[in-house]
Amino acid sequence: SQTIHQWPATLVQPVGSPLSLECTVEGTSNPNLYWYRQAAGRGLQLLFYSVGIGQISSEVPQNLSASRPQDRQFILSSKKLLLSDSGFYLCAWSVLKGAGNTIYFGEGSWLTVV
Amino acid sequence: AQTVTQSQPEMSVQEAETVTLSCTYDTSESDYYLFWYKQPPSRQMILVIRQEAYKQQNATENRFSVNFQKAAKSFSLKISDSQLGDAAMYFCAYRSAADGLTFGKGTHLIIQP
Numbered sequence: 053s054q055t056i057h058q059w060p061a062t063l064v065q066p067v068g069s070p071l072s073l074e075c076t077v078e079g080t081s082n083p084n085l086y087w088y089r090q091a092a093g094r095g096l097q098l099l100f101y102s103v104g105i106g107q108i109s110s111e112v113p114q115n116l117s118a119s120r121p122q123d124r125q126f127i128l129s130s131k132k133l134l135l136s137d138s139g140f141y142l143c144a145w146s147v148l149k150g151a152g153n154t155i156y157f158g159e160g161s162w163l164t165v166v
Numbered sequence: 059a060q061t062v063t064q065s066q067p068e069m070s071v072q073e074a075e076t077v078t079l080s081c082t083y084d085t086s087e088s089d090y091y092l093f094w095y096k097q098p099p100s101r102q103m104i105l106v107i108r109q110e111a112y113k114q115q116n117a118t119e120n121r122f123s124v125n126f127q128k129a130a131k132s133f134s135l136k137i138s139d140s141q142l143g144d145a146a147m148y149f150c151a152y153r154s155a156a157d158g159l160t161f162g163k164g165t166h167l168i169i170q171p
């Protein structure tokens, strides 16, 4: 069966420091991968998605970037964190691109920028 | 752009009773899918149920069922025989041919013992 893991689970970083959140999917090949952010009291906002290695689409222009160095690895990064980057970040995957394919989520990572 | 609206920030129900969570959406597309996700205190997003827009029959998963009204763009979730473990945030989500999900802001469901 397919599983998705992301880490670290919790992170406290000072303003201006770099960020790296990692996500890996097991049990499937060539998944679509996603990064979502959930701010306090809000729904989820799609940040990036990838349909293949090196292919990244950004939904919201901001202080963050994403990379996909391997088929089942997705990384969320920042060179200099802002206070507004605090939130709960969720990695997700789906089998294929298309409306009918369910998106499944990882356990999430709490980021607090201080 | 598509939007998803959940008009109930919080709902409360007695254990073993039935509760309905509301969701409306706005789209000009004809082919799309709708989902309900549950987010318990652990914060992991768990799929509860999904509905294909081209299907008239409402989806059902054990105690969870939906009332899909395509013309009205309404997609409510009914939870029967509510259990303490059902307490969570519930998010309605929309997906069209383009990638990614559009989420509502969620409904906090409280189960009263």
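Just so you know, the sequences run in chain order B and V. According to our numbering, the first sequence holds residues 53 to 166 in order. According to our numbering, the second sequence holds residues 59 to 171 in order. Think of the CB as a built atom: it goes at the ideal place given N, C-alpha and C, for glycine as much as any other residue.
Cutoff 7 Å: residue i Cβ touching any chain V Cβ
i, result
"I56 of chain B", "no"
"T164 of chain B", "no"
"I108 of chain B", "no"
"E159 of chain B", "yes"
"I105 of chain B", "no"
"L133 of chain B", "no"
"R89 of chain B", "no"
"R124 of chain B", "no"
"L128 of chain B", "no"
Which listed residue (the options) has its alpha carbon closest to that of residue i
i, options, result
"Q125 of chain B", "B:P66, B:T62, B:L96, B:S72", "B:S72"
"S130 of chain B", "B:Q65, B:P70, B:S53, B:Q114", "B:P70"
"T85 of chain V", "V:Q72, V:T160, V:T165, V:G164", "V:T160"
"L105 of chain V", "B:V166, B:L163, B:Y156, B:S119", "B:Y156"
"R121 of chain V", "V:L135, V:Y148, V:V71, V:Q60", "V:L135"
"L116 of chain B", "B:L98, B:A61, B:N153, B:Q122", "B:L98"
"S53 of chain B", "B:V166, B:V147, B:L163", "B:V147"
Beta bridge counterpart(s) of residue i as assigned by DSSP
i, result
"L163 of chain B", "B:L63, B:G139"
"I127 of chain B", "B:E74, B:S119"
"N125 of chain V", "V:S134"
"E119 of chain V", "V:F122"
"N84 of chain B", "B:S146"
"T154 of chain B", "Its beta-bridge partners do not exist; DSSP assigns none."
"S102 of chain B", "B:L85"
"I169 of chain V", "V:V71"
Beta carbon proximity, residue i to chain B, threshold 7 Å
i, result
"K163 of chain V", "yes"
"M69 of chain V", "no"
"Q102 of chain V", "yes"
"L79 of chain V", "no"
"F122 of chain V", "no"
"G158 of chain V", "yes"
"F149 of chain V", "yes"
"L105 of chain V", "yes"
### Query
Looking at C-beta atoms only, is the number of pairs between the segment 113 to 129 of chain V and the segment 61 to 68 of chain V that lie closer than 8 Å three or more?
In short, these stretches do not touch, since the Cβ pair count stays below three.
### Message
Please give the ranges of any beta strand (DSSP E) in the segment 64 to 111 of chain V, keeping only runs that are unbroken, at least 3 residues long and fully inside the region.
### Response
As far as the segment 64 to 111 of chain V is concerned, its whole beta strand (DSSP E) runs of at least 3 residues are 68 to 72, 77 to 79, 82 to 84, 91 to 97, 104 to 110.
### Query
Touch check for the segment 147 to 154 of chain V and the segment 77 to 90 of chain B: three-plus C-beta pairs under 8 Å?
Between the segment 147 to 154 of chain V and the segment 77 to 90 of chain B there are fewer than three inter-stretch CB-CB distances shorter than 8 Å, so the stretches are not counted as touching.
### Message
Tell me whether the segment 134 to 145 of chain B and the segment 89 to 103 of chain B touch, counting them as touching only if at least three CB pairs, one residue from each stretch, are closer than 8 Å.
### Response
Look at the beta carbons and you see the segment 134 to 145 of chain B touching the segment 89 to 103 of chain B: at least three pairs across the two are nearer than 8 Å.
### Task
Would you check if the segment 105 to 114 of chain B and the segment 86 to 100 of chain V touch, i.e. whether three or more CB-CB distances between them fall below 8 Å?
At 8 Å Cβ cutoff, the stretches do not touch.
### Query
Taking contact to mean at least 3 C-beta pairs separated by less than 8 Å, is the segment 100 to 112 of chain V in contact with the segment 67 to 82 of chain V?
A contact between stretches requires three or more CB pairs, one per stretch, nearer than 8 Å, and the segment 100 to 112 of chain V fails this requirement with the segment 67 to 82 of chain V.
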